[in-house]
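Residues 0 to 195, numbered by numbering that gives the first Met the number 0, are exactly what the sequence shown covers, in order.
We put the beta carbon where it would ideally sit given N, CA and C, even for glycine.
Beneath this line is the structure, given in structure tokens, with notes to follow.
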Amino acid sequence: MEINVAIQPSMGIPKYSRMPTQNSPVDRESVTVRGVSAFIVGSISYKYGLLIEGSSSVEFLQKKVTPMMFSDYCLAVRDCSTAQYSAKVQEITTYILEHLPSELTVNQLAELFFLNVSSLSRKFKSETGFSVTEFINFHRIKLAQYYLSQGNRSITEVAYLVGYNDSNYFCRMFKKVTSITPSQYLKNVRTEGMLI
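Structure, rendered in structure tokens:
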């Protein structure tokens with residue numbers, strides 16, 4: 000089993016040219032082709048690039064990192080792919096994912112994409128299964144999990160980084176999406192001794 004990691008010097012983001020799997024390779028390009036935003040793919044790549052660079056054991060890479068990396072890419076395709084959406088909903092979801100830390104409202108999105116609010120809300124919900132607000136909160140919390148798993152930011156700091164001005168509201172949304180509090184999540188990260 001072989002892992003080739005090429006660091007893109009301009010971005011400092013690892014690029015996996017081939018990832019080991021049981022039967023077929025999964026790489027960032029194939030995930031991107033399936034409609035996952037470059038930001039999410041880059042975040043996953045960066046996370047595992049750090050783990051790979053810091054690892055001193057091939058066994059750890061094969062038994063722990065590789066399955067986790069494969070799982071994260073598959074979950075990204077399942078949870079973040081926009082490929083099955085209409086062109087308009089793809090545009091909207093891509094915009095949301097690229098602007099998660101910004102203030103995002105249904106009214107702003109409707110105006111930006113030349114739709115009325117009820118039409119946008121109905122179309123978005125029918126295609127994604129989420130209301131616009133649920134979609135924004137879900138992906139903000141996924142991004143928050145990434146930041147928290149790095150272990151070097153406070154919960155309040157992460158709340159602001161992902162677009163919440165109120166850390167109490169952030170904690171409620173985090174628990175709603177993940178079923179645990181941000182504090183419990185941080186404790187799990189520290190207990191595991193690695194990024195989760």
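- L147 is a Cβ neighbour of V188, given a cutoff of 9 Å.
- If you ignore the 5 residues before and after K174, its C-beta comes within less than 7 Å of the C-beta of T180, all in its own chain and listed in chain order.
- DSSP places D165 in the coil class of the three-state scheme, outside both helix and strand.
- Counted as a single uninterrupted DSSP element, the alpha helix (DSSP H) harbouring T127 occupies residues V116 to T127.
- Judged by their CB atoms, F134 and T92 are nearer to each other than the 9 Å cut-off.
- The way I'd put it, the region 150-168 does touch the region 94-107; three or more beta-carbon pairs between them come closer than 8 Å.
- Between K46 and Q149, the CB-CB gap stays under 9 Å.
- By the neighbour-count definition (other C-beta atoms within 10 Å, threshold 16), Y72 is a buried residue.
- Of the candidates L142, Q144, S117 and A143, S117 places its Cα closest to the Cα of V131.
- Going by C-alpha positions, G48 is about 40 Å away from L114.
- Between S85 and F129, the alpha-carbon positions lie close to 15 Å from each other.
- With fewer than 16 other CB atoms across the displayed protein chains lying within 10 angstroms of its CB, Q61 is exposed.
- Straight through space, the alpha carbons of A109 and T127 are spaced by roughly 16 Å.
- An exposed status is given to T190, since fewer than 16 other beta-carbon atoms sit within 10 Å of its beta-carbon.
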